[in-house]
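Following the working numbering, the numbering of the sequence shown begins with 14 at its first residue and continues without gaps.
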Amino acid sequence: MKLLVTGGAGFIGSNFILYWMKKYPQDQIVNLDSLTYAGNLENLKEIEKNPNYSFIHGDICDLDVVERSMVGVDWVVHFAAESHVDRSIKEPSPFVMTNVIGTHFLLDASLKNRVKKFHHISTDEVYGSLNLSDQSKFNERTNYNPRSPYSASKAGSDHLVRAYNKTYGLPITITNCSNNFGPYQFPEKFIPLAITNILENKKVPVYGDGLYVRDWLYVLDHCHAIDLVLNKGKVGETYLVGGMTNDISNLEVIKKILKIMGKDEGFIEHVKDRLGHDRRYAVDWSKIKNELGWRPLHNFDEWLEKTVEWYKANEKWWKDVKTGAYQEYYKEQYGS
Ligand code: NAD
Ligand code: DAU
């Protein structure tokens, strides 16, 4: 089996490649990644010399590269995206290019090359925002209601993926998952930003009142869900994937991290809120549980602790990332 993984040098993509190569060592993996600020080949050091792994440095918006990458491919697993909401608010264009146009090029080439499966990684954010005051959750029948340029571009990509199935019969599956956390996550996202700031003795910026709620999913649980959907999922179907947390606010998350790290709440700094900030996400993952037997195995508290340990043990990884362009970004986003 030959898999084309797009965005395999990013957070979830690299965790997926490491997971897959351990579990299915006989498979070949081609990783197509343009190495944006979020792509890091250090994540893949342990398998870079494996003869079943190869890397193509290229953009999914470059049709020639996409065509070349497809040769002999059985399955496409599509992670490549611009993924950070705050950056999409500052500059939406790259989000539309990569997430919509790039996905379109991949779909076209997949159809031409008769790939046997195209799996698209998407997000629960396409469903919009839930109220804090009720217990509702997103499910596969929830209407799309994206509210940021990021989630709108991901919604656009989901629609294209489904259209290629309905119109041309491309065998597709989609997973829409909640907020991932774990090793190799770029420290622009809330959890790694908090942990690495505290390690640097810096405050943690908490947007607005900090009462926003996310549904936290450990990255390996996500990889396992993708594995099940690829191997057992029904063509044309969407599966929602969520974590083990009950509603937990950002403030509660940061307090847990501070407790794990033996620091006091003086590290919390409330800052200006994100524009159009979605209040609450919660995912009903009963479809993938009932149909494919998936459930998250990694509980939040224990794996948050392990994630803190990972960042402590991998200081070089995040210190290398938090230089140059990152410092510029941080200054622009948060002030000095
Ligand atoms: P990431 O930002 O860490 O990594 C994205 C990767 O895609 C990087 O390696 C980058 O170099 C690559 N890339 C970006 N533009 C590209 C282009 N034009 N051509 C080729 N490669 C390109 O993202 P992530 O957090 O690993 O997310 C992966 C996927 O999962 C995305 O599709 C994202 O929308 C989705 N998702 C993420 C989360 C989360 O919590 N991180 C949750 C739900 C869904
Ligand atoms: O829900 C899935 C989505 O989760 C993915 O599709 C996105 O790719 C991923 O980036 C993530 O989006 P969020 O916007 O929810 O994640 P982020 O880590 O940026 O923020 C999590 C919460 O923390 C959110 O309510 C905003 C808040 N936050 C974030 C940052 C970066 C802060 O309070 N301060 C911060 O500095």
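Where is the CB? At the ideal position from N, CA and C, for every residue including glycine.
Length of the line joining the Cα atoms of residue i and residue j
| i | j | result |
| --- | --- | --- |
| L143 | V266 | 19 Å |
| A207 | K179 | 43 Å |
| G71 | D77 | 10 Å |
| S106 | C236 | 29 Å |
| S170 | N112 | 6 Å |
| I30 | E55 | 13 Å |
| W33 | R292 | 34 Å |
| Q41 | N126 | 17 Å |
Beta-carbon spacing of residue i, residue j below 9 Å
| i | j | result |
| --- | --- | --- |
| L85 | G52 | Reading the sequence as shown, one finds Gly at residue 85 and not Leu. Taking 9 Å as the Cβ cut-off, G85 and G52 do not qualify as a contacting pair. |
| N189 | Y225 | no |
| V296 | K150 | yes |
| S82 | I102 | no |
| Y163 | E138 | yes |
| H97 | F194 | no |
| G221 | H283 | yes |
Assigned secondary structure, residue i (DSSP; H/G/I helix, E/B strand, else coil)
| i | result |
| --- | --- |
| Y225 | coil |
| V248 | coil |
| Y231 | strand |
| V109 | helix |
| I73 | coil |
| E304 | helix |
| W298 | coil |
| R293 | strand |
| N44 | strand |
| K58 | helix |
Exposure label - residue i; buried when at least 16 CB within 10 Å
| i | result |
| --- | --- |
| G255 | buried |
| V95 | The sequence shown places Glu at residue 95, rather than the Val named in the question. With 16 or more other Cβ atoms within 10 Å, it is buried. |
| Y197 | buried |
| D46 | buried |
| S67 | exposed |
beta-carbon residue i near the ligand FAD non-hydrogen atom, thresh 8 Å
| i | result |
| --- | --- |
| N259 | Absent from the structure shown: the ligand FAD. Ligands present: the ligand NAD and the ligand DAU. |
Does the stretch 292-303 come within contact of the stretch 207-216, defined as at least 3 CB pairs closer than 8 Å? no
Give a yes or no on contact between the stretch 226-233 and the stretch 338-349, applying the rule of three or more CB pairs nearer than 8 Å. no
Any contact between the stretch 245-260 and the stretch 321-332? By contact I mean 3 or more CB pairs, one from each, below 8 Å. no
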